[in-house]
Every structure is written in structure tokens, then in C-alpha cells.
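Novice: Residue numbers (the working numbering): 10 to 296.
The beta-carbon is built from N, C-alpha and C at its ideal position, and this holds for glycine as well.
Since we're looking at a predicted model, the values are computed, not measured.
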């Protein structure tokens, strides 16, 4: 499942985005501004509970259990935000496992900001009151201290933690290993959030084979595949097919290492560098 908040794209393009992202279904609060887009695969059982200009609430079911996920895109205006606190307070909180994730457009305390104008104390108190009344807790997370930056330079730069994931005790019981990673910012002024409900600390066996789209763009790819596939194999038809596929998989892994290097490792290294720069910027935000 993937969620886009304020995508800066016409709702008319939502089906195209769904195909590009390789999802099967999509929902948006189109009648309320279309600022929240939610994509998911067919194998995920999703029921739309309700939506407004500031949220989309979904019930996700798997087997005998189900839970509520509320994707939030709160207004900048304090009085408009009050509406979502009222709406969400009655959304079966305490009845079934419940999670709230997104851009709340408000911090909980002054330690969650650097630079910029002081935040409205009353607005922070209202946000904290809603959290306490719902007995919500912050999901375990890693990444930068702040999730938003205004992109300005020097003393004009401002940072804040506007994005977060909140959950109730029932959700924590259902998913005790739930975890959120705040990824480095790229084209947006907000950090992407990657939420994992189930984390297995152990890994068994070799990593699964994954076809890389970048292979197709290489001029030698088709010739390489043709040469490997043309190698002689004896046996029945099904045995030949299985053997050729296995040989091709092994050969493609070696070819990928030789031509592209260890792509995943290189990407991870670059992401770590971006994250380190982000931390440095947050530490020396006024320089």
C-alpha cells in the first residue's frame, strides 16, 4: 500500500499513477479536494470507512482480524484542524485496532521545531489533548528528528516534525513490531514515511530473485539472455524449461554484478550519504 499527500497532480491522472506504481486499486478524497491518494494491491482487503478533506479512513482485513488505518493531511489553519480532531475522536477509537499516519501540520512541543515562527501554544495543546484522550502512542521510528523543511537558506530556514504515526494499544498488541522509518527528503519538503507492520529480525536463505527494469535498457541484455537460453539442456520439456530458467537466473545475477555492480548496496550507500547530510543540515540549520 502507498499513500500520496498533496501530490500536486490533477485527479484525472490518478489512474495513470496507479499503473506506473504497479498497484491495482486507488481511492482519493476527490470530492473534498483530492489531496490524499491511497493505492493498494488486489490481495489487500480494503473497505473505505469514510473520508473528508483532511483524512481517509480505511478498514483493512486479513483472515479473522481487521484494523483501521487513518491517513491524515491536516489543514494549516488551527480552526480547520479542530474539525479533524472532532471527527477522529469518534472514529471507533478503542473499539478496534487503530492507526493514524500522515501530515498533522502541528508539532507537540517546541523541541519539535528549529527556526521559523513560534507555533501556536493553544493549537499544540489541542493536538496533545486529542492524543491523550485517544490514549495514542507514537510508533517506534528511526530517521531524522524533523520531517519537514521550508527549503530556505540561513536564518530563514525552518524545520519541524509535522509528520508522524500514532497508534492505540489494540494496534500495538496486534503488531508489536510495527515500525516507521523517516526517509531522506528528495523532491518534497516532507520526509517520506515507510511503515512496516511486521518486522522479522531473522533472514532465512538467499534473497529472492528480482528482475531489474534497468537491465532491459542495456544494449547487451537481449543478446546475453539469448545466449544463455540457447545453451543445450537434455531431458523432458518441463525439465528443460525449469533448468533454463534456473541457469538464466544465476547468469543474470552474475551479469548484474559485473555490469552494474551491487546496485542495491550502491543505492543504500547513497541513501546513507543523503541521510547524513540531512542530519548535518538539521544540526546546523542556521548556517
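#1: For the alpha helix (DSSP H) holding residue 244, just list the boundary residues, first then last.
#2: Using DSSP with H/G/I as helix, E/B as strand and the rest coil, what is residue 34?
#3: Of the residues 258, 36, 173, which one's Cα is nearest the Cα of residue 146?
#4: Mind checking whether residue 79 and residue 66 have CB atoms under 7 Å apart?
#5: Tell me which residues share the same chain as residue 184 and place their Cβ nearer than 6 Å to its Cβ, disregarding the 5 neighbours each side in the sequence.
#6: For residue 257 versus residue 242, is the C-beta spacing smaller than 7 Å?
#7: Would you mind stating whether residue 49 and residue 55 have Cβ atoms separated by less than 7 Å?
#8: Under the assumption that residue 47 contacts residue 29 (Cβ atoms under 8 Å), give the Cβ distance between them as a whole number of angstroms.
#9: With a threshold of 7 Å on Cβ separation, who are the neighbours of residue 20 within its own chain once the five nearest residues in sequence on each side are excluded?
#10: For a test of the three-state rule: what should DSSP assign to residue 130, helix, strand or coil?
#11: Among all the DSSP beta bridges, which residues are the ones paired with residue 158?
#12: Rounded to whole angstroms, what's the CA-CA distance from residue 77 to residue 221? Just pull it up for me.
#13: Tell me whether residue 205 sits in a helix, a strand or coil according to DSSP, three-state version.
#14: Between the alpha carbons of residue 180 and residue 153, how many angstroms are there, rounded?
#15: Take the Cβ of residue 112 as the centre, count every other Cβ of all protein chains shown within 10 Å, and call the residue buried at 16 or more, exposed below.
#16: Jot down the residue ranges of each uninterrupted beta strand (DSSP E) in the segment 76 to 119, minimum 3 residues, whole runs only, in chain order.
#17: Spell out a yes or no on whether the segment 134 to 143 and the segment 189 to 196 are touching, meaning 3 or more CB-CB pairs, one atom from each, closer than 8 Å.
#18: Starting from residue 221, follow its DSSP beta bridges and name the residues at the other end.
#19: What separation, rounded to the nearest whole angstrom, lies between the Cα atoms of residue 299 and residue 95?
#20: Buried or exposed: where does residue 64 fall if 16 or more other Cβ atoms within 10 Å of its Cβ makes it buried?
#21: Take the Cβ of residue 160 as the centre, count every other Cβ of all protein chains shown within 10 Å, and call the residue buried at 16 or more, exposed below.
Specialist: If we stick to the structure as given:
#1: Run containing residue 244: none; DSSP gives neither H nor E here.
#2: Residue 34 sits in a strand when the DSSP states are folded into three classes.
#3: It is 173 whose Cα lies nearest to the Cα of residue 146.
#4: Yes, the pair counts as a contact, with Cβ atoms nearer than the cut-off.
#5: If we look at residue 184 and ignore the five residues flanking it on each side, its Cβ neighbours are 206.
#6: For residue 257 and residue 242, no; Cβs fall outside 7 Å.
#7: The criterion of a C-beta distance shorter than 7 Å is satisfied by residue 49 and residue 55.
#8: About 15 Å; that fails the 8 Å criterion.
#9: Same-chain partners within the cutoff: 37, 39, 43.
#10: Note: residue 130 maps to helix in three-state DSSP.
#11: Residue 158 is bridged to 168.
#12: Cα to Cα, the separation comes out at about 34 Å.
#13: Strand at residue 205.
#14: Looking at the two C-alpha atoms, the distance is approximately 24 Å.
#15: Its Cβ being crowded by 16 or more others within 10 Å, residue 112 is buried.
#16: Note on the segment 76 to 119: whole beta strand (DSSP E) runs with a minimum of 3 residues are 107 to 112, in chain order.
#17: A contact between stretches requires three or more CB pairs, one per stretch, nearer than 8 Å, and the segment 134 to 143 fails this requirement with the segment 189 to 196.
#18: Per the DSSP secondary-structure output, residue 221 pairs with nothing in a beta bridge.
#19: Past the edges of the chain, shown from 10 to 296, lies residue 299, and the structure says nothing about it.
#20: Residue 64 is buried by the Cβ-count criterion.
#21: With fewer than 16 other Cβ atoms within 10 Å, it is exposed.
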